[in-house]
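Since the structure comes first, as structure tokens, the remarks are kept for the end.
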Amino acid sequence: MKTVTPEACKKIIRQKPITKSLYNGYMANGWEAHLPAVYDRAASLFADNASASPALQMHLNQLLPMIALYEKAVEITGSMEGALAFTEKWAFIETEKMMKFARGLMKLGLYKLMPSLCGKMLDKMFGEAAGFKYRLVPDAPKFAVDMLHCPYFETCKKYGCPELTQFSCRADDITYGNLHKNLIWARTQTLATGGSCCDFRLHLKK
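Numbering follows this note's numbering, in which position 146 of the sequence shown is assigned residue number 355; successive positions increment by one, without gaps.
Take a look at the structure:
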């Protein structure tokens, strides 16, 4: 991974949906004076993960700045509970905006392709090169995968904030949960909430 400067972290934060939403929350709360420290911390996290593969880097580009924003929110509010409440309020605003557009596209019939597309993207985006481990579920409708190892959870644990992982998980629920009335999204457990796996299921309604 190439060196990521604090200035580059500022740009990354304002480009990714969750971190852009949290950035807007900082601005709305009058916390903008704390943002330079967030950029510095994010840069140090990138330096700490400089050996990450390109596939993993794609995920770290959002997760590491998210950790930096969350850590600072803990400091500002004085508690984990305060930081979680802040993150809860702000994290998904941009994601929701994006998904309104995506749901419009699904109405054109693209929803029929989603289970197959998820299967095709699996190894490229969520394979071992990116730090994931999974098993396919036999005799199940597409798309059915149990994720056994997740770099989002492991990275958050590494930096002492495993509770933050839930927001990455919930971004999946927002992304896939209401794409189309004929698409069924189901997940009963996640590694982040103590499950034995993250059981991803996305299939067409019969």
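For every residue, glycine included, the Cβ atom is placed at its ideal position computed from N, Cα and C. Computed from a prediction, not measured in an experiment: that's the story for all the values here.
In the structure shown, Asp348 falls within a coil segment according to DSSP collapsed to helix, strand and coil. In this structure, Lys342 lies near Leu357, with their beta-carbon atoms less than 9 Å apart. Annotation note: the segment 289–361 contains the following uninterrupted beta strand (DSSP E) runs of length 3 or greater, listed N- to C-terminal: 342–345, 353–358. Rounded to the nearest whole angstrom, the CA to CA distance from Glu305 to Pro226 is 9 Å. Contact between Phe352 and Phe301 is absent: CB atoms are separated by about 22 Å, not below the 8 Å threshold. Under the three-state reduction of DSSP, Cys407 is assigned to strand. Ile222 and Glu216 have their C-alpha atoms some 10 Å from each other. Here the segment 321–333 makes no contact with the segment 225–242; the two share fewer than three CB pairs at distances below 8 Å. Taking 9 Å as the cut-off, the beta carbon of Leu278 is found closer than this to the beta carbon of Tyr232.
At least 9 Å separates the beta-carbon of His412 from that of Lys316. Thr212 is the residue among Thr212, Thr296, Ser230 whose C-alpha sits nearest the C-alpha of Ala259.
Spanning the alpha carbons of Leu254 and Phe310 requires a straight line of approximately 33 Å. Secondary structure at Ala395: strand, using DSSP grouped into helix, strand and coil. When DSSP reads this structure, Leu413 sits in a beta bridge with Leu392.
Of Lys220, Lys414, Ala401, Asn387, the smallest CA-CA separation from Met308 is found for Asn387.
For Ala294, the number of other beta carbons within 10 angstroms of its own is below 16, and it is reported as exposed. Taking C-beta atoms under 8 Å as the contact rule, Asp355 and Arg344 qualify, at a distance of about 5 Å. Shown here, Asn270 sits in a helix according to DSSP, grouped into three states.
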